[in-house]
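Remarks on the structure that follows.
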Amino acid sequence: MMMKSLKSLFISGFIALAVCTSSIAFWQLFTGGGWPWAVLLFTCVPSVLFFSYLFLFKPARTSANLPGVFWPTLLGSLAVISLALAGQASMVMVSLAIINLLGVHAYIRWYSRYGVRQANVVIGEPLPDVTFSDLNAKPVTVASYAGQPLVMLFFRGNWCPLCMAQIREVAEQYQSLQSQGVRVALISPQSHSQSGDLAKQFDVDFEYLRDDDNRAARALGIIDAGGTPAGLEALGYDSDTVMPTVLIVDGQGRLVYQHLTDNYRIRPEPALFVQVLKEKGLIDG
Numbered sequence: 109m110m111m112k113s114l115k116s117l118f119i120s121g122f123i124a125l126a127v128c129t130s131s132i133a134f135w136q137l138f139t140g141g142g143w144p145w146a147v148l149l150f151t152c153v154p155s156v157l158f159f160s161y162l163f164l165f166k167p168a169r170t171s172a173n174l175p176g177v178f179w180p181t182l183l184g185s186l187a188v189i190s191l192a193l194a195g196q197a198s199m200v201m202v203s204l205a206i207i208n209l210l211g212v213h214a215y216i217r218w219y220s221r222y223g224v225r226q227a228n229v230v231i232g233e234p235l236p237d238v239t240f241s242d243l244n245a246k247p248v249t250v251a252s253y254a255g256q257p258l259v260m261l262f263f264r265g266n267w268c269p270l271c272m273a274q275i276r277e278v279a280e281q282y283q284s285l286q287s288q289g290v291r292v293a294l295i296s297p298q299s300h301s302q303s304g305d306l307a308k309q310f311d312v313d314f315e316y317l318r319d320d321d322n323r324a325a326r327a328l329g330i331i332d333a334g335g336t337p338a339g340l341e342a343l344g345y346d347s348d349t350v351m352p353t354v355l356i357v358d359g360q361g362r363l364v365y366q367h368l369t370d371n372y373r374i375r376p377e378p379a380l381f382v383q384v385l386k387e388k389g390l391i392d393g
């Protein structure tokens with residue numbers, strides 16, 4: 109639990125660190141602090157640009173190791189250390205460079221990764237008896253969709269740009285899925301009003317379901333305790349969330365496919381869902 113709490117605090121702190129370091133370096137550079145401050149920018153600007161890219165361009169996935177962020181940060185840090193050894197950079201600059209490098213490394217290798225995942229579901233077996241609630245707070249179970257293939261997309265919440273991008277991709281494929289009798293359920297622990305806001309963004313007939321108190325996530329083994337970034341509780345989000353997960357069940361409620369990403373930045377493309385549905389004979393090939 110302590111590790112989860114650290115992750116919750118880390119992401120907000122890491123972004124703040126990169127922004128503050130960039131601001132300090134630019135201020136020093138333009139107020140006569142000297143050109144070495146421009147070198148320090150290589151240790152923080154890549155992170156700022158990356159998170160700006162996530163929120164502005166909303167990609168559905170990224171590379172696992174983010175070479176475009178890691179290598180400039182590493183080389184910039186080495187350059188700052190070299191300048192310090194030559195007497196042209198201060199220990200403050202060295203400290204900022206090293207802290208940013210450690211932050212990037214931690215984000216890529218620790219924060220982004222879930223490790224080996226083992227959900228409490230077995231391919232070919234019915235899902236556990238879990239209950240969700242729809243936008244009207246009425247109870248819904250997998251049995252509610254009996255006779256229809258169901259794609260269950262568990263997402264972290266409206267606050268996650270990668271989740272929103274993934275949902276947008278699925279929305280673009282939805283008509284072809286719906287025409288063959290496939291239902292798509294978007295499931296998260298966020299409030300009904302937050303899911304209602306999400307529903308207004310898409311002109312498709314998704315099933316917007318709430319996993320009340322993350323009970324289903326716990327039963328399925330996909331809970332991310334303390335996974336919501338610190339501070340988002342003030343916006344009505346719970347501190348616990350769900351690991352991004354895709355489950356596909358047939359018309360009898362049996363699990364036929366599961367995608368358990370080990371990295372929250374790596375998501376399957378909707379074409380994969382269509383391929384699985386065809387391979388399992390749930391839609392026409």
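Per the numbering used here, the very first residue in the sequence shown carries number 109; after that it's consecutive.
Each residue gets a CB set at the ideal place from its N, CA and C atoms; glycine is no exception.
A quick note: this is a predicted structure, and the numbers were derived from the prediction, not measured.
query: Can you list, in chain order, the residues of its chain with a C-beta nearer than 7 Å to that of residue 345? Leave out the 5 residues immediately preceding and following it.; result: 265, 267, 298 and 336
query: So, for residue 136: in the same chain, excluding its five sequence neighbours on each side, which residues have a beta-carbon less than 7 Å away from its beta-carbon?; result: 145
query: DSSP three-state label for residue 310, please.; result: coil
query: CA-CA distance, residue 113 and residue 215?; result: 15 Å
query: On the DSSP letters alone, give me the boundaries of the beta strand (DSSP E) that residue 351 sits inside.; result: From DSSP, residue 351 is part of no beta strand (DSSP E); its letter is neither H nor E.
query: Taking the continuous beta strand (DSSP E) assigned at residue 276, which residues delimit it?; result: Residue 276 -> not in any beta strand (DSSP E); alpha helix (DSSP H) instead, spanning 269-286.
query: Alpha carbon to alpha carbon, how far is residue 294 from residue 288?; result: 18 Å
query: In its own chain, which residues sit with a C-beta less than 6 Å from the C-beta of residue 365, not counting the 5 before and 5 after it?; result: 356 and 384
query: Going by C-alpha to C-alpha distance, which of 148, 142 and 139 sits closest to residue 127?; result: 148
query: Enumerate, from N- to C-terminal direction, the unbroken alpha helix (DSSP H) stretches of 4 or more residues contained entirely within the segment 151-205.; result: 153-165 and 175-193
query: Opposite residue 371 in the DSSP bridges: which residues?; result: 221
query: Per DSSP, what kind of secondary structure is residue 138 in: helix, strand or coil?; result: helix
query: Which residue spans inside the segment 224-248 form an unbroken alpha helix (DSSP H) run of at least 4?; result: none
query: For residue 373, count neighbouring Cβ atoms within 10 angstroms of its own Cβ and tell me buried if that reaches 16, exposed if not.; result: buried
query: On the three-state DSSP scale, how would you describe residue 391?; result: coil
query: Helix, strand or coil: which one does DSSP assign to residue 377?; result: coil
query: I need the straight-line Cα distance from residue 238 to residue 367, nearest angstrom please.; result: 19 Å
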